[in-house]
Amino acid sequence: MPRFKFENHLLFSNKKDYLIRVIDFSFDNDAAPEKGGILISEPFMHDRFFERSVVYLCDHNSSGSFGFVLNNYLDTGLKEMINGFPDISIRVSVGGPVDTSNLFFIHSLGEEVKGSTLINDGIYIGGNFDQVKELLIASPNKANHFRFFVGYSGWESDQLEDEMGEKSWLAVNKISRSFILNDAKDDLWNEILEKMGGKFKVMSTFPKNPSDN
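Mapping the sequence shown onto the numbering used here, position 45 (from 1) lands on 29, and the numbers just tick up by one.
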């Protein structure tokens, strides 16, 4: 996992009355990571897995954390990756640097997929993959109930808290199920920060390389 530090940036603008306005651009808010929430990577994190990433947290406790990057898509579809998978439009994301030889999935079909485990808010992880293939062959319109990932993102005990302290991540909680399962948003990182408003909206416009200013 990356360990980067995003220092506070202060923007000064002179006013006619000679007052100086200070805007604190520290990558920080009051939210703590929660199971079912998301993590947003700081603007200048340079990492092939986590650069401008949005990570869905499937679990977060004293033993560690794990989740999936939502917005790092592959060009290859599931039909090319999995024998017998139906030819339907489902995007696959690189979920993180751990166990990248395996496919993982989350969904909102609950017990309709045997062996799945509830994360929260009607989102489940895993289950019988053969059943999933059969389900999507019979009902291709149910594809929007799934997200698929190659690999996952993992943190050991206290590791994520340390990275939060280094301002590498911003936690945002109470995210809707439809938002997590939507694979049509290519500018997800920018969109979330823009909707948060204030300094985060400004950050959403930062170039990846500060020297490009």
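C-beta atoms are modelled at their ideal positions from N, C-alpha and C, and glycine is treated no differently. All figures in this text were calculated on a predicted structure; none of them were measured in a lab.
Please work out which residues of its chain come closer than 7 angstroms, Cβ to Cβ, to residue i, disregarding the five sequence neighbours upstream and downstream, and give them in chain order.
i	result
Gly21	Leu41, Ala155, Val156, Asn157, Ile159
Asp43	Lys19, Ser49, Phe50
Asp105	Gly20, Arg161
Can you tell me whether residue i is buried or exposed, with buried defined as 16 or more other CB within 10 angstroms of its CB?
i	result
Asp14	exposed
Gly79	buried
Ile90	buried
Glu147	buried
Asp142	exposed
Arg5	At Arg5 the pLDDT is 43, less than 50, meaning the model places this residue with poor confidence; the figure from the coordinates comes in the next sentence. Label assigned to Arg5: exposed.
Tyr108	buried
Asp167	buried
Asn(-2)	The pLDDT assigned to Asn(-2) is 48, lower than 50, so where the model puts this residue is not dependable; a value taken from the coordinates is nonetheless given after this. Looking at its Cβ environment, which holds fewer than 16 other Cβ atoms inside 10 Å, Asn(-2) is exposed.
Ile103	buried
Phe24	Note that residue 24 is Ile in the sequence shown here, rather than Phe. Classification for Ile24: buried.
Asn56	buried
How about residue i: is its Cβ closer than 7 angstroms to a heavy atom in the ligand PLP?
i	result
Ser47	Absence of the ligand PLP is noted for the structure shown, with no ligands found whatsoever.
Excluding the five sequence neighbours on either side, which residues of its own chain have a C-beta within less than 8 angstroms of the C-beta of residue i, listed in chain order?
i	result
Pro124	Pro70, Ile72
Gln115	Val97, Lys98
Ala237	The structure shown does not extend to residue 237, since the chain spans only -15 to 197, so no value can be given for it.
Within its chain, find whatever has a CB closer than 6 angstroms to the CB of residue i; leave out the 5 residues flanking it on each side and keep chain order.
i	result
Leu93	His129
Asp170	none
Ser188	Asn174, Leu177, Glu178
Since residue i and residue j should fall inside the 8 angstroms C-beta cutoff, what is the C-beta to C-beta distance between them, to a whole number of angstroms?
i	j	result
Val38	Leu62	At roughly 21 angstroms, the Cβ-Cβ gap does not stay under 8 angstroms, so Val38 and Leu62 are not in contact.
Gly99	Asn112	5 angstroms
Gly182	Lys117	Contact doesn't hold; Cβ gap of about 45 angstroms is too wide.
Are there three or more Cβ pairs, one per stretch, closer than 8 angstroms when the region 65 to 76 is compared with the region 116 to 134? yes
Could you pull out every unbroken beta strand (DSSP E) segment of at least 3 residues lying fully inside the region 51 to 96, listed in chain order? 76 to 78, 82 to 91
Report the residue ranges of all beta strand (DSSP E) runs contained in full by the region 109 to 192; include only those spanning at least 3 residues, in chain order. 130 to 140, 153 to 156
Contiguous beta strand (DSSP E) assignments of at least 3 residues, all confined to the region 23 to 52: 38 to 45
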